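Comments concern the structure below.
Protein chains: 4
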Amino acid sequence: MKFKRMKQVNVYPGMTVDDLLISMRDGGFTCRKVALATGLLEEMILDNNCTVILGLAGALIPGGMRNIIRTMIEKDIVKCIVTTGANISHDLLETSGGSHYHGSEHLDDEKLKEIEMSRIFSTLITYESFVKFETMIQKILETMQDEKMSSRQFIFELGRHVDDPLSFVRAAFLKKVPIFSPSFSDSMLGVQSWLYSQNVPLFIDVLKDHTEFSNIIFEADRIGAMFLGGGVPKHFIMNGSQLHNGLSYAIQITMDRPEHGGVSGASVKEAVSWGKMALKGKWIDIMSDVTLVLPLMISGVLSRLSKRNG
Amino acid sequence: MKFKRMKQVNVYPGMTVDDLLISMRDGGFTCRKVALATGLLEEMILDNNCTVILGLAGALIPGGMRNIIRTMIEKDIVKCIVTTGANISHDLLETSGGSHYHGSEHLDDEKLKEIEMSRIFSTLITYESFVKFETMIQKILETMQDEKMSSRQFIFELGRHVDDPLSFVRAAFLKKVPIFSPSFSDSMLGVQSWLYSQNVPLFIDVLKDHTEFSNIIFEADRIGAMFLGGGVPKHFIMNGSQLHNGLSYAIQITMDRPEHGGVSGASVKEAVSWGKMALKGKWIDIMSDVTLVLPLMISGVLSRLSKRNG
Amino acid sequence: MKFKRMKQVNVYPGMTVDDLLISMRDGGFTCRKVALATGLLEEMILDNNCTVILGLAGALIPGGMRNIIRTMIEKDIVKCIVTTGANISHDLLETSGGSHYHGSEHLDDEKLKEIEMSRIFSTLITYESFVKFETMIQKILETMQDEKMSSRQFIFELGRHVDDPLSFVRAAFLKKVPIFSPSFSDSMLGVQSWLYSQNVPLFIDVLKDHTEFSNIIFEADRIGAMFLGGGVPKHFIMNGSQLHNGLSYAIQITMDRPEHGGVSGASVKEAVSWGKMALKGKWIDIMSDVTLVLPLMISGVLSRLSKRNG
Amino acid sequence: MKFKRMKQVNVYPGMTVDDLLISMRDGGFTCRKVALATGLLEEMILDNNCTVILGLAGALIPGGMRNIIRTMIEKDIVKCIVTTGANISHDLLETSGGSHYHGSEHLDDEKLKEIEMSRIFSTLITYESFVKFETMIQKILETMQDEKMSSRQFIFELGRHVDDPLSFVRAAFLKKVPIFSPSFSDSMLGVQSWLYSQNVPLFIDVLKDHTEFSNIIFEADRIGAMFLGGGVPKHFIMNGSQLHNGLSYAIQITMDRPEHGGVSGASVKEAVSWGKMALKGKWIDIMSDVTLVLPLMISGVLSRLSKRNG
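Same order as they appear, the protein sequences are chains A, B, C and D. Per the working numbering, residue 196 is the first one in the first sequence, and the count goes up by one each step. Per the working numbering, residue 196 is the first one in the second sequence, and the count goes up by one each step. Per the working numbering, residue 196 is the first one in the third sequence, and the count goes up by one each step. Per the working numbering, residue 196 is the first one in the fourth sequence, and the count goes up by one each step.
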C-alpha cells in the first residue's frame, strides 16, 4: 500500500472557491472529502455515459439551496431528481409569493406561534406564506386531468403551470428533467392534493414511479448518484440501482449517523453488500450539513466546467 | 423557579427494570429523560381520552424490535401506527421464513456480496430471505381486489392474509389497529407491489390515507404521539395533529440532529410554533438509538400496567 | 463466515435488568452492543489476571452517575481510574454540601444567571454550591505538604481528608484505587489549587503521573479499559497500553463521532493500528449517552457477580 | 420581532471565497452560520480592544489545518492560544521530518500495524515519524533549564529551539503569541517530557498557567474566543473569562453534541448562565468539522483584511 504525503491546506487573500477546493485536497477528514467529492462530481458530469441522479431530502430551501438546485438542472449537471415532497412544496411556496425568513433556533416557539411564524430550526415561514402556497396550488390543481399520474407526471404538470424563473420545479419542466417524489403525499403539496381530491377526483399512482424510474435506469449506461440527505430519495435511488448492478458513482452528504441502522446515515460502503453500489464504483461519504458543502462543490464544478467550455 | 435536588442513580443486584427506571429519575441527561418518558407514556395510556399514535422509522426489525412493537399493539398501548414501508417489509420478511442475522459493521462488504448477504449496519439479511419474502408477497397480492385502496387498507389486507402470530402487521389486523404507510412504495413491499401491478391492475391511493387519518384525528379527544425515529411517519403524524390544535403528548426518540433543519432531528419544541404541539402539551426529546430505549420503556410500562390490573 | 439468527428482543412485566440484558442479545444495533458489553465487562472482572481501568470524561455527576461510579470502586469492578478534573470537582462539590438540580435545556440562561444557577445541559448547579466547594477545598489544601505530588497522589490526599461515604474519591482512597487526572488543572479543583498556590507553594507534577501509571501497566498481566466518554482519560489510558502491547479488552461509550479525527469519537478499532488495542483483544464501541448505558450495565454485572458469590 | 427575508444562496463560475461567504448569508442553517461567523471574526479582529483567544482541540494537523493556524498567528488574527498537547505534538512531528499521509477510514487496521502506520480516521502517520519526533524532542529538551516552567513557558522554549518556518509553535514564538497547554502531559510531547525527566529533572507547573492566563484576561479590555473543537482548551478559556464578566465574542465549531452534558458540545448559550459569556456578547455555534469551516472562514477574513489594508 502506498500513501501520499499530506501538504496541509493553504489559504490566502482573494483565492477563488476552486483554488480553495484544490488546496483542500491537501488536508484531511471532511475538507479533503469535499475536495475529492467535487472532483468526483466533475468526473460524473464529464462522463458522457453517466446519468447523474440527485436525491433531495431535508429542508434544503429553508437552508438556502433553491437557486443552486435550479442551477444544477439548468447547467445539465443532473438528469433526474428524486425528492421528498417538502422540497417541491418549499420551492412552490416561494413561487406563490410566500417566503422563508432568517431566524434563530433560540427563539421562543410560543411567541412565534402568536405572531404566526413556523420555525424550521433557524429559519422561519409565515403562516401567510402557507396560505399563498395553498391558494396557488389549488388553482394549479384545477388544470389537472383526472388520470392516474405518477408523482413524476404530477410534478411535471405542476412545473408546466408555474411561471417562475426562480423555481427549480419550473426549470426541471423546461429542461425535461424528471422529478420523482414517491412520498409526496406526506407534504404540504400532498395535503393540498388531498383536499382538492375531496371534490375532484385526483389519483397519483406512486407505483407508476417505479415503471418510469426503472426505464431511466435501464436506458442508462452508468449511473451516478448524489445524495443530499438520505430518506426516501436515497433509498429509492439505491433500490433502482440494483437493476443496474449498482451505482458507478455516489456522493453522500448527510449529518445522520449509521449506528441505529437507518438508511440515511448508512455509509455508501454498506450498499456494496446489496449490489446497490458497484464493486468497482467510486464513492465518497461526507458527514456535514448539505448547506455548507453544496455551495462549495457546485461553485467549484461550475468554475471547472466553465474553464473547459471556453 | 423552583428546582428539585438530584439524588443520583442507584443500582444493586436483582433490581427490576421498573426499579431501574424509577431510580433513573434521580439522574440527569438521557437517563432521566428515558425515566420521565416512561412515566409520560404511562400517562398517555391511562388517559382514556388519549389516542396514542406510534411513528415507526428506521430499521427497527433489524434492530430487534419486532416483538416489542407487536406487544405494544396486543396490549393496547397504541391505537394507530404510521410507518415507513421498511418496517412492514422486514416484518413480513420474517413471516415468509426469511430472517435477520447478527453481524458486524466491520465486515467486508465485498465478501458479504459474494456470500449473498446484505448488511444493515451490524445486522445481515440473506439474499435468500428476500426471495422468500418476494414469493410470499406475490401470493398475497393475488388475493387483492382491483380497487383504490389507501395504504392503510392495503396493509390491513396484508395482515388478513398473513397467519403468523409473531407478525406485528398480523397483530394490528387482529386488533384493528390501523397502519398507515404513505411512503410504502419506497420499500421492498412497494417494489413487489409494482412488479405485480405490471400484470394485474393495483392502485394504492396514498391521498386516501389523509382522509382516513384525519378521521382518526377528528374522532380523538386528545392525541399522544411516540416517534421512533423521524422521517415520513413523524411528519405525517405532526401534520395531522394540526387539525387538532396540536398533540397533547409527544415522546421522540432519535439519533438525528436538528442543525440541518430536517424534521427527523427537530426538537418537538419547534412544533409548538407550527401548532403541531399543543402549548399546554407535555413532551420529551430523547437523543438515543431506539433499540436501547424502547425495550427499557415498554418493559417498564408493562410492569406498571400489570401492577394496576392485579 | 457463519452467522447467528436474530430472535428479536422480548419484554414482559416484572423482568429484571439482567433478564432484559440477556434478551437484548437477541436484538441488533445499540441494544445488542450494550448486552454484549455487559458480558465483556463481566469477563474482564472475572479474569483474575485483568486489571480494569476506568476512563471518566464528560459531566457524569450532573448526569447522575456518582453512586454507580462509587459502587464500581467499592465492588472491586475497577482497579484504577483516569478522569478529567470535572468529575473530581463535582464529586467533592456534593461532599461540600453543594448539589446538582434537575433542570431543562430549554431554560432561559439569562434568567438562570439572575437567580445564580449555572446550567450543564439539563442539570443545574447553584453558585452557592460552588462557594461551598471552594471553602471546603481551601481547607483541605491547607493539610497538603509542599512536595511534588503527582495528580494521583494529590487526589489520594483529597480522599484522605474527605469524610463522605457517598464520595467516590473517598471510596477510592479507602480501597486504594488510584485516580489519575493529568488535566486536573483545567477544572474548579485546579482553579482552587492555583488560588491556594498563590499563598502557599503547591506543585502538582503531572509528568510523575506517567511514572505511576506505567508501573501499574507493567505490573498488570492483561489490561481492560472502560471508556466513559473519551478526552484526556481515553487518550492517557490508550497511550499507556502501548507499553503493554495493547489492551486485551475495551468498552467505549460515547456520543462523539469519528469523522473529525478526534480521539474521543474514534472507533476502538483504529487503536489496533497504533498497537494500543491488542490484535487478539476484544472490544465494543457503543454510540450512546453514558447515563443511559452505565446504569444498565452495572446493574446487570452486579446481579451476575451476586449470583456467582452466593 | 422583525425578520429578514431569505434570498437564497447563489453560486457562479470563478467566484471568490469571499463572494461565496457573502452569498452564504442569504442561506440558512450551517452555511449562514459560517457566513455570520466570518463577519463576527472580522469584527473581533478589527476591534482594537479585543483580545482574540484561540482554542485548539481535536486532530487539526492530521486534518490539514497547520498552515492556517500558523497564518492566524502570523497575521495577528489571534493573540493567545490554548491547545491540547496533540496539536503541539503533530506540529513538531512535521518539523522533525515526520509526516501525515492521506489514507482512508476503511483501511484494515491490522495490515496498517504490520506496515507500521497509525490511523487517525482517514489520515495516517508512520511509526518512523514518531521516532523522528521523539529524537528531535529529546534534543530540544536537553536545552531546557531545571525550573518550574508553566506549560506556556515550556512551549515558548520549544518554539525557540525549532527552526521551521512552517511550524505554528515557531511562529507563535516569533510573534510572542502565548500558547497554553494545561493538559500537555497527555500527549506524545508529554510522554517524551516524562521520559526525559527520568534522567534530568524537569517540572512543568500547570498551576502557573492560571497565573499567566489570568494576567492576559485582566489586561484585556474585551475578549473574543474561537473554539476549534472543545475539550480542555474550551473549558480553560471559558473558565478564565469568568474573571472578566464573560466573553464579548465567541465562535464555536464542533461536531460534538450537547445531550450528554459534556462541555465540548455545549451551546455557547449555556455559558451565559455561568457568567462565562457576557449577556450582551455576540456568539455563534457551528455544528461542523473544523477542517471544512476554518479554511473558508480564514480565507474570507484574510481577503477582507487585505482589502482594508490596501
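C-beta: ideal position from N, C-alpha, C; glycine also. Bear in mind that the values here come from a model prediction, so they are computed numbers and not experimental data.
- One alpha carbon belongs to residue 287 of chain A, the other to residue 362 of chain A, and they sit about 7 Å apart.
- Residues of the stretch 209-243 of chain B with a C-beta atom less than 9 Å from some C-beta of chain D are 223, 224, 225, 228, listed in chain order.
- Within chain B, the residues placing a beta-carbon under 7 Å from that of residue 469 of chain A are 313, ordered along the chain.
- Around the beta-carbon of residue 196 of chain A, fewer than 16 other beta-carbon atoms lie within 10 Å, marking it exposed.
- Annotation: the continuous alpha helix (DSSP H) that includes residue 383 of chain C extends over 383-392.
- The C-beta distance from residue 454 of chain C to residue 201 of chain A rounds to 17 Å, too long to meet the 8 Å contact threshold.
- Shown here for residue 206 of chain B: same chain residues with a beta carbon closer than 8 Å to its own, the five before and five after excluded, namely 215, 218 in chain order.
- Assignment of residue 270 of chain C by DSSP, reduced to helix, strand and coil, places it in the coil class.
- At least one beta carbon of chain B lies nearer than 8 Å to the beta carbon of residue 434 of chain A.
- With a threshold of 8 Å between beta carbons, residue 487 of chain D makes contact with chain A.
- Counting only Cβ-Cβ distances below 9 Å, residue 479 of chain B has no contacts in chain C at all, with the closest Cβ about 10 Å away.
- With respect to chain C, the C-beta atom of residue 424 of chain A has no partner C-beta closer than 8 Å.
- By the Cβ neighbour-count rule, residue 418 of chain C is buried, with 16 or more other Cβ atoms within 10 Å of its own.
- Per the C-alpha coordinates, the member of A:304, A:261, A:227 positioned closest to residue 251 of chain A is A:261.
- For residue 422 of chain B against residue 448 of chain B, the beta-carbon gap comes to about 7 Å, under 8 Å, which counts as contact.
- Neighbours of residue 199 of chain A in chain D, taken as residues whose beta carbon is under 8 Å from its own, are 296, 297 in chain order.
- In this structure, residue 295 of chain D lies away from residue 272 of chain D, with their beta-carbon atoms at least 8 Å apart.
- Assigned with DSSP and collapsed to three states, residue 338 of chain C falls in coil, not helix or strand.
- Between residue 396 of chain D and residue 279 of chain D, the CB-CB gap reaches or exceeds 8 Å.
- A residue is called buried when at least 16 other Cβ atoms come within 10 angstroms of its Cβ; residue 403 of chain C meets this threshold and is buried.
- Judged by pairs of C-beta atoms under 8 Å, the stretch 354-361 of chain A does not touch the stretch 373-382 of chain B, as fewer than three such pairs exist.
- Interface criterion not met: the Cβ of residue 361 of chain C is under 8 Å from no Cβ in chain D.
- In terms of CA proximity to residue 479 of chain A, A:233 leads the group A:233, A:212, A:347, A:468.
- Residue 499 of chain A sits buried, since 16 or more C-beta atoms from the chains shown fall within 10 Å of its C-beta.
- A contact between stretches requires three or more CB pairs, one per stretch, nearer than 8 Å, and the stretch 240-260 of chain C fails this requirement with the stretch 335-345 of chain C.
- Rounded to the nearest angstrom, the gap between the Cα atoms of residue 199 of chain A and residue 256 of chain D is 15 Å.
- Going by DSSP, residue 503 of chain A is part of no beta strand (DSSP E) but of the alpha helix (DSSP H) stretching over 485-503.
- Per DSSP, the continuous beta strand (DSSP E) segment holding residue 422 of chain A begins and ends at 417-423.
- If you check each beta-carbon in the stretch 251-269 of chain D against every beta-carbon of chain C, the ones closer than 9 Å belong to 252, 253, 254, 255, 257, 258.
- Annotation: the continuous beta strand (DSSP E) that includes residue 314 of chain D extends over 312-315.
- The C-beta of residue 283 of chain B comes no closer than 8 Å to any C-beta of chain A.
- Below the 9 Å Cβ cutoff, chain C contributes 224, 225, 228, 480, 481, 482, 483 as neighbours of residue 454 of chain A, in chain order.
- For residue 214 of chain D, the uninterrupted alpha helix (DSSP H) segment begins and ends at 212-219.
- Residue 465 of chain A and residue 212 of chain A have their C-alpha atoms spaced approximately 32 Å apart.
- DSSP lists C:320 as the beta-bridge partner residues of residue 295 of chain C.
- Within chain B, the residues placing a beta-carbon under 7 Å from that of residue 196 of chain C are 310, ordered along the chain.
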